[in-house]
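Take a look at the structure below.
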Amino acid sequence: MKSSLGMRTRLSERRRRFTGILAGGIIAVPAALGLTACHSAQDALDRGDMCLNILDIALFDPNPSSVDEARKDVRERADKIDEIAEKASDDKLREAAEQTAKELRDAADDDLDAGSVSEYVSQQNDRLKALRKTCTDLGDFG
Numbered sequence: 001m002k003s004s005l006g007m008r009t010r011l012s013e014r015r016r017r018f019t020g021i022l023a024g025g026i027i028a029v030p031a032a033l034g035l036t037a038c039h040s041a042q043d044a045l046d047r048g049d050m051c052l053n054i055l056d057i058a059l060f061d062p063n064p065s066s067v068d069e070a071r072k073d074v075r076e077r078a079d080k081i082d083e084i085a086e087k088a089s090d091d092k093l094r095e096a097a098e099q100t101a102k103e104l105r106d107a108a109d110d111d112l113d114a115g116s117v118s119e120y121v122s123q124q125n126d127r128l129k130a131l132r133k134t135c136t137d138l139g140d141f142g
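Written out as structure tokens, the structure reads:
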């Protein structure tokens, strides 16, 4: 009888060990997936915050009364966007920010006059579309 009891004890210890390992795996896998989901959600939030900052800086109406002030303002805004781009952790957002800064600088270097306002607004709408596409593309985090 002792051997039978000893055998049951060993089996139950093995069963408990196996059950513990299995339970640990069952808990660990969803926890790891949950952390991945949290990380993805945080990345999406970070992208959203940076996008809001970029849009806040990039979408503006330059001072029409002074061409020199308008150029200076546009260049300063482009520099601020470049600073944000350097902090971006995802390549798509960094590229979109750098492109936006480049386009702002190009607009500042153009001959600015009353007739160029409609062209500037059109370019600003194009920048908005490109940024919106990058900022709302959450497929990178799924």
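Following the UniProt record's numbering, the residues of the sequence shown are numbered contiguously, the last one being 142.
In this text, a Cβ means the ideal position worked out from N, Cα and C, and glycines have one as well.
For clarity, every value in this text was computed on a predicted model and none was experimentally measured.
Roughly how many whole angstroms lie between the Cα atoms of residue i and residue j?
i	j	result
A97	A108	17 Å
K102	N53	17 Å
Q124	L45	24 Å
D91	S122	26 Å
R47	D61	25 Å
M129	C135	The amino acid occupying residue 129 in the given sequence is Lys; Met does not appear at that position. Each residue's alpha carbon lies about 10 Å from the other.
L131	D106	17 Å
D56	M50	10 Å
D68	E119	18 Å
K87	S66	32 Å
Q42	D137	14 Å
S89	E83	13 Å
D73	I81	12 Å
Taking Cβ to Cβ, would you say residue i is nearer than 7 Å to residue j?
i	j	result
T100	R71	no
L59	R77	no
R75	A85	no
With H, G and I counted as helix, E and B as strand and the rest as coil, what does DSSP make of residue i?
i	result
S66	coil
L35	For L35, the predicted structure reports a pLDDT of 47, less than 50, and the residue's modelled location is therefore unreliable. A value from the coordinates is still provided. Helix.
A58	helix
S89	coil
D82	helix
D126	helix
D137	coil
Buried or exposed: where does residue i fall if 16 or more other Cβ atoms within 10 Å of its Cβ makes it buried?
i	result
K133	exposed
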